[in-house]
Amino acid sequence: MRHGKKFNHLGRTADHRRAMLANMAISLIMHKRITTTLAKAKALKKYVEPLITRSKDDSTNSRRVVFSYLQDKEALKELFGVVAQKVGDRPGGYTRVIKLGARLGDGADMAFIELVDFDENMAKTPKAEKKTRRSRKAAAPKAEAPAAEEAPKAEETPAAEAPAEEAKAE
């Protein structure tokens, strides 16, 4: 019986799963965003977030623990350098999983997983104003703006009539 065992085995042996998650974590740290299946993205999120939390404390022990998971010096430098600086004040939730839809070949649910602080598109976009179905309230201030535009036209009208009056006088 598997009561209380909620770990997703991803259809692989323990060694294969450990190696796959380590390689995906290295790719995520180096590239900041990777595309994979939804199940793998969720498993990777559980795998990499404790490593990022560990990287906030730059000590020899933390480096050794993270290296035992990743086994890549370049990813370790990137994680303890650039990534740890960006996520230093964040209390958790370092990754974001966004669903992309089904893969054409086999229909697997696809998603991309990214480091939250490294996505410039999400960080810089201001929140869009909520559009409601009641547009009359918003239309009322805009109705005053055309009235302001009509005032200059009234000034132009006498100037346009003046040449016409001169033509009649002649």
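Read in our numbering, the sequence shown has 47 at position 42, and its numbers run on one by one without any break.
Using N, Cα and C, we set each Cβ at its ideal position, and we do this for glycine too.
If you check the beta carbons only, do residue i and residue j fall under 8 Å apart?
{"i": "M29", "j": "K47", "result": "no"}
{"i": "R101", "j": "E119", "result": "yes"}
{"i": "S67", "j": "S73", "result": "no"}
{"i": "R22", "j": "L15", "result": "yes"}
{"i": "L81", "j": "V71", "result": "yes"}
{"i": "L105", "j": "F117", "result": "yes"}
{"i": "M25", "j": "R17", "result": "yes"}
CA-CA distance, residue i and residue j?
{"i": "G93", "j": "T65", "result": "18 Å"}
{"i": "E83", "j": "R38", "result": "14 Å"}
{"i": "G86", "j": "D111", "result": "39 Å"}
{"i": "D62", "j": "L43", "result": "30 Å"}
{"i": "A19", "j": "F12", "result": "11 Å"}
{"i": "H8", "j": "Y99", "result": "30 Å"}
{"i": "D50", "j": "A89", "result": "The question names Asp, but residue 50 is Lys in the sequence shown. The alpha-carbon atoms of K50 and A89 are separated by roughly 16 Å."}
{"i": "L109", "j": "V121", "result": "27 Å"}
{"i": "T41", "j": "R138", "result": "38 Å"}
{"i": "K91", "j": "E79", "result": "18 Å"}
Which one of the options has the shortest CA to CA distance from residue i?
{"i": "D77", "options": "I118, L105, A27 and K11", "result": "A27"}
{"i": "Y52", "options": "T42, D63, M35 and I31", "result": "I31"}
{"i": "T58", "options": "A80, L105, M6 and R95", "result": "R95"}
{"i": "D114", "options": "I103, V121, F123 and D122", "result": "I103"}
{"i": "V97", "options": "L75, L49, T41 and P55", "result": "In the sequence as displayed, the identity of residue 97 is Gly instead of Val. G97 has its Cα closest to that of P55, out of L75, L49, T41 and P55."}
{"i": "L75", "options": "A107, M35, K91 and T41", "result": "M35"}
Which of helix, strand or coil does DSSP assign to residue i?
{"i": "F12", "result": "coil"}
{"i": "A113", "result": "coil"}
{"i": "T18", "result": "coil"}
{"i": "G97", "result": "coil"}
{"i": "V53", "result": "helix"}
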